[in-house]
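Residue numbers (the working numbering): 279 to 333.
Cβ atoms here follow ideal geometry from the backbone N, Cα and C, with glycine treated the same way.
Computed from a prediction, not measured in an experiment: that's the story for all the values here.
Following: one structure in structure tokens, then a few remarks.
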Amino acid sequence: ESLGRLQQVSGTQRYRIPADVNPEDFNSVVIWCRKFNVTLAKRPRYANGYATLSN
279 ESLGRLQQVS GTQRYRIPAD VNPEDFNSVV IWCRKFNVTL AKRPRYANGY
329 ATLSN
């Protein structure tokens with residue numbers, strides 16, 4: 279499931295997790311670049327309904 283488009287190219291990213299998605303159902307959240315087929319970040323921290331990733 280997509281949490282949205284990339285907000286910026288560096289630094290911390292915060293994405294709201296939809297209310298109908300249970301983060302416990304997933305092992306990770308990944309920022310992935312479709313154009314270059316590369317993972318940019320993973321290892322989320324969940325807090326207050328957001329997935330926060332730092333690179």
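Beta bridge counterpart(s) of residue i as assigned by DSSP
i          : result
valine 316 : Cys311
Where the beta strand (DSSP E) containing residue i begins and where it ends
i            : result
arginine 292 : 291-294
Closest Cα partner of residue i within the set the options
i             : options                : result
arginine 292  : Gly282, Val299, Asn300 : Gly282
aspartate 298 : Ala319, Glu279, Leu318 : Glu279
lysine 320    : Asn300, Asn305, Val287 : Asn305
Which of helix, strand or coil DSSP assigns to residue i
i             : result
glutamate 302 : helix
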